[in-house]
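In what follows, a single structure is set out as structure tokens and then discussed.
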Amino acid sequence: DGGITQSPKYLFRKEGQNVTLSCEQNLNHDAMYWYRQDPGQGLRLIYYSQIVNDFQKGDIAEGYSVSREKKESFPLTVTSAQKNPTAFYLCASSIGQGGTNTEAFFGQGTRLTVV
Amino acid sequence: QQPVQSPQAVILREGEDAVINCSSSKALYSVHWYRQKHGEAPVFLMILLKGGEQKGHDKISASFNEKKQQSSLYLTASQLSYSGTYFCGTYSYGKLTFGQGTILTVHP
Chain A
1 DGGITQSPKY
11 LFRKEGQNVT
21 LSCEQNLNHD
31 AMYWYRQDPG
41 QGLRLIYYSQ
51 IVNDFQKGDI
61 AEGYSVSREK
71 KESFPLTVTS
81 AQKNPTAFYL
91 CASSIGQGGT
101 NTEAFFGQGT
111 RLTVV
Chain B
116 QQPVQSPQAV
126 ILREGEDAVI
136 NCSSSKALYS
146 VHWYRQKHGE
156 APVFLMILLK
166 GGEQKGHDKI
176 SASFNEKKQQ
186 SSLYLTASQL
196 SYSGTYFCGT
206 YSYGKLTFGQ
216 GTILTVHP
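Just so you know, the protein sequences line up as chains A and B, in that order.
So the first sequence is numbered by the numbering used here: it starts at 1 and just counts up by one.
So the second sequence is numbered by the numbering used here: it starts at 116 and just counts up by one.
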């Protein structure tokens, strides 16, 4: 079945460590997105990519990095520079390439906790 | 810039109606609506592509007024299953951004 998979579901990080969240899709979508969700804050865009080997900063990119070396993969690294990394992270994909009339599909999310 | 939703929260009894609004300071070319249950992924409800368009699914419908740069989601005869957080989303140059969400709670 086609879909978008995030792993792990839960992640614990010590302060000062970098961690990488995985996002893989087999929908053949060009566009992929990373969002951060905090209580009462909605979905805030971290990074997005419209095509392989290209990505842009979203609204809250500071302290995060991404790569898009393969069409199906869009990993997010939460660096030690991110002051408050504890949050629920959601990855999404869509057909892209100007596909404003197509829905976005979301992964099940990764809950990151700094200990 | 994120679209703005109102109200932030709604509490209903089963069978009651609700309206959730979404507005943007930028020109809107399409509006997406999603619902998220607690701890789960958002689920797509519908997309509205042009001004004046209205869509519906079961007892959930939406309208889109591109001149006013706003959209509204209508939930009629609400059911317990409608509880969740509703988000509107807008595209701008490949960037998909969402409002802050409206928490809808339906009680028996």
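Think of the CB as a built atom: it goes at the ideal place given N, C-alpha and C, for glycine as much as any other residue.
Distance from the Cα of A92 of chain A is smallest, within the candidate group A:F12, A:L43, A:L11, A:T20, for A:L43. Positions of the beta strand (DSSP E) runs, each at least 3 residues long and wholly inside the segment 50-106 of chain A, are given as 54-57, 64-66, 76-78, 87-94 in order along the chain.
Counting other Cβ atoms within 10 Å of its Cβ, A192 of chain B stays below 16 and is therefore classed as exposed.
Interface annotation, G3 of chain A: not in contact with chain B, CB-CB separation never under 8 Å. Bridge pairing for T220 of chain B: B:I126 [DSSP]. At a cut-off of 8 Å between beta carbons, A104 of chain A contacts chain B. Out of A:V52, A:Y35, A:G58, the CA that lies nearest to the CA of Q116 of chain B is found in A:G58. Burial check for P157 of chain B: the Cβ neighbour count within 10 Å reaches 16 or more, so the residue is buried. Look at the beta carbons and you see the segment 140-157 of chain B touching the segment 198-215 of chain B: at least three pairs across the two are nearer than 8 Å. Between A142 of chain B and Q184 of chain B a beta carbon distance of about 7 Å is seen, short of the 8 Å cut, so the two are scored as contacting. At a Cβ-Cβ threshold of 8 Å, T200 of chain B and I126 of chain B do not count as neighbours. Excluding sequence positions up to five before and after E62 of chain A, its CB lies within less than 8 Å of the CB of A81, Q82, all in the same chain and listed in chain order. Counting only Cβ-Cβ distances below 9 Å, A31 of chain A has contacts in chain B at G209, L211, in chain order. In summary, the residues of the segment 35-59 of chain A whose CB is separated from some CB of chain B by less than 8 Å are Y35, G40, Q41, G42, L43, R44, L45, Y48, Q50, Q56, G58, D59, in the order they occur in the chain.
Interface flag for F202 of chain B against chain A is set, since a Cβ pair is found closer than 8 Å. If you look at N18 of chain A, you'll find it isn't in any beta strand (DSSP E); DSSP assigns it neither H nor E. Note on geometry: alpha-carbon atoms of I46 of chain A and Y64 of chain A lie some 8 Å from one another. With respect to P122 of chain B, S138 of chain B sits apart: the two C-beta atoms are not nearer than 8 Å.
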